[in-house]
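Okay, so here's the structure we're looking at.
Numbering (the working numbering), first residue to last: 40 to 610.
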């Protein structure tokens with residue numbers, strides 16, 4: 040989904056689309072452990088968040104002395120005979136956290152190895168702080184829109200902002216959520232082991248500070264959940280000041296007058312929303328021929344008309360950035376562009392800063408995979424549909440699993456958590472296969488974009504291959520009372536479905552709170568609910584949820600008899 044200049048550099052580059060996590064989460068200090076067991080971070084949505092990278096080698100210098108934090112609750116059960124633990128998880132991000140909490144629910148004695156800080160990429164350097172910045176950009180954008188405010192009868196003086204205050208808001212949120220995650224695991228009895236974790240053999244793991252003392256423990260089952268790091272293509276020199284990745288951008292140390300964003304996927308779009316709201320001019324550099332290549336084309340065109348064209352944003356498509364040099368000695372950042380097809384020099388840009396938003400690369404080095412005969416593929420750990428690790432001979436490695444960004448199936452934080460929960464179900468004796476087509480994604484621009492399932496081109500390709508017809512249903516936010524009350528009528532919802540059976544193949548939304556609205560569709564896909572059944576569900580009026588209600592009602596299903604309705608319940 041996230042386009043990348045790396046496409047021209049190496050076909051084996053470990054770059055994969057990354058979208059930010061998709062759920063904002065604000066937990067109060069009064070949240071109890073029992074509530075935290077079911078908190079949003081456990082099933083964190085996009086955005087693009089991302090799943091966790093808790094063993095990031097760059098940060099090892101910050102590690103404390105190797106230690107073990109063990110909670111006093113009896114919830115962390117007695118391990119299977121002959122093992123220190125029933126389950127050991129390498130990586131304490133959102134994926135590892137979700138797996139650990141579910142394991143405790145299942146009565147498994149569980150440990151999680153923390154290589155950096157609890158929360159991984161999503162909480163510390165991804166979806167959580169980025170949502171804080173986007174909350175600011177949304178308010179700034181509204182206050183700056185004089186016509187919008189006047190339509191409500193409001194008069195607002197010129198809006199301003201304090202850069203450090205905005206940055207502090209993002210970091211304070213990350214700290215709060217990180218502490219909530221850590222406390223929830225401690226309170227439920229998960230043993231938190233500090234250090235870098237690696238597999239040393241079948242059902243054996245070591246952990247410890249790099250270059251220091253290491254401890255070996257045994258576990259009946261092991262989950263690798265080490266996440267990912269920003270991908271930086273060859274030819275790009277990152278100095279962390281004027282040429283930056285998303286890790287640096289989230290600190291908001293500066294707001295440049297003119298910034299180039301390399302890549303127009305989820306990460307790039309969200310940061311363009313932040314920077315333009317705070318006064319920057321933005322230039323996109325996109326390797327493919329159109330912006331937002333990972334989105335449904337129709338949604339992408341509408342989003343470009345609303346999110347790109349009216350703002351201080353220009354773009355170069357069909358070009359690669361072959362060399363990016365940081366600002367130095369009074370000289371600006373220089374970016375050399377070539378034509379993506381002909382490889383001929385195209386242009387040279389001189390700007391104040393450059394953000395490299397070319398996706399994520401799996402963090403899987405140094406995990407001891409060679410000790411169990413596992414070879415990564417472009418950096419990703421190969422797994423089957425049950426997240427079981429596959430060795431170099433194509434055989435399953437007993438009792439070893441990999442979830443989240445490290446396996447590359449779907450680089451979203453909430454996908455990592457869902458995969459972790461699925462693995463725990465399996466090791467607890469209940470077979471479970473996660474339907475990845477039911478996992479939603481979202482981009483938290485203003486307005487938002489969300490999606491689940493197939494795009495229209497993907498659905499048409501599938502239909503042609505398998506021999507069935509598809510139909511398209513659409514509804515507009517301009518017909519929704521709540522959206523009009525908010526003067527936010529810009530947006531559509533689109534559904535791709537099978538008219539012969541009522542199966543939902545994909546849903547795409549562009550509009551106000553699209554990230555929240557997508558879940559009714561994703562749950563319908565997950566549960567196998569057909570349109571002719573869900574169209575009778577009742578939605579409160581006036582609410583934005585009626586956009587989805589009208590979408591279901593407008594679909595024309597011809598060849599499927601609905602399930603009989605349940606008998607009414609008297610109240």
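Glycine is no exception: its CB is placed at the ideal position from the N, C-alpha and C atoms.
Cβ of residue i within 8 Å of any chain D Cβ
i	result
residue 124	Of the protein chains in the structure, only one exists, and it is not chain D.
Closest Cα partner of residue i within the set the options
i	options	result
residue 121	499, 269, 243	243
residue 118	257, 216, 234	257
residue 529	343, 310, 138, 210	343
residue 164	189, 268, 264	268
residue 140	460, 240, 591	460
residue 288	412, 355, 309, 273	309
residue 322	296, 338, 305	296
residue 523	550, 578, 576, 510	550
residue 381	502, 358, 399	358
residue 205	215, 515, 172	172
residue 593	538, 562, 581	538
residue 437	222, 412, 446, 477	412
residue 239	263, 217, 223	263
residue 582	568, 540, 517	517
residue 142	456, 170, 424	456
residue 337	574, 584, 559, 548	548
residue 369	194, 389, 340, 352	389
residue 276	578, 361, 421	361
residue 152	215, 224, 134, 236	236
Under the three-state DSSP convention, the category residue i falls into
i	result
residue 431	coil
residue 423	coil
residue 285	helix
residue 66	Reliability of the predicted coordinates at residue 66 is poor, the pLDDT of 32 falling under 50, and the value obtained from them is presented with this limitation in mind. The answer is coil: DSSP assigns residue 66 none of H, G, I, E or B.
residue 105	Only weak support exists for where residue 105 lies, its pLDDT of 43 falling under 50; the value from the coordinates is given anyway. In this structure, residue 105 counts as coil in the three-state DSSP scheme.
residue 190	helix
residue 257	strand
residue 450	coil
residue 437	strand
residue 179	helix
residue 95	Residue confidence for residue 95 is low, a pLDDT of 40 falling below 50, so the modelled location carries little weight; the figure read from the coordinates is stated next. Here residue 95 sits in coil by DSSP.
residue 118	coil
residue 463	helix
residue 160	helix
residue 270	coil
residue 444	helix
residue 375	strand
residue 370	strand
Residue i vs residue j beta-carbon contact at 8 Å
i	j	result
residue 440	residue 557	no
residue 271	residue 395	yes
residue 284	residue 403	no
residue 410	residue 187	no
residue 444	residue 479	no
residue 282	residue 347	no
residue 177	residue 131	no
residue 531	residue 563	no
residue 569	residue 545	no
residue 535	residue 509	yes
Span of the alpha helix (DSSP H), counted from its first residue to its last, around residue i
i	result
residue 475	Neither: residue 475 is in no alpha helix (DSSP H) and is coded neither H nor E.
residue 496	495 to 505
residue 520	520 to 524
residue 224	202 to 227
residue 125	Unbroken run through residue 125 is the beta strand (DSSP E), 124 to 129; no alpha helix (DSSP H).
residue 588	585 to 593
Beta strand (DSSP E) segment containing residue i, residue limits
i	result
residue 580	Looking at the DSSP string, residue 580 is not in any beta strand (DSSP E), and its letter there is neither H nor E.
residue 353	352 to 356
Enumerated in chain order, which unbroken segments of the beta strand (DSSP E) with a length of 3 residues or greater are wholly contained in the stretch 385 to 419? Those beta strand (DSSP E) runs which fall completely within the stretch 385 to 419 and span 3+ residues are 392 to 395, 399 to 401.
If we require 3 or more residues per run, which beta strand (DSSP E) segments fall completely within the stretch 293 to 339? Within the stretch 293 to 339, the complete beta strand (DSSP E) runs of at least 3 residues are 297 to 301, 320 to 325.
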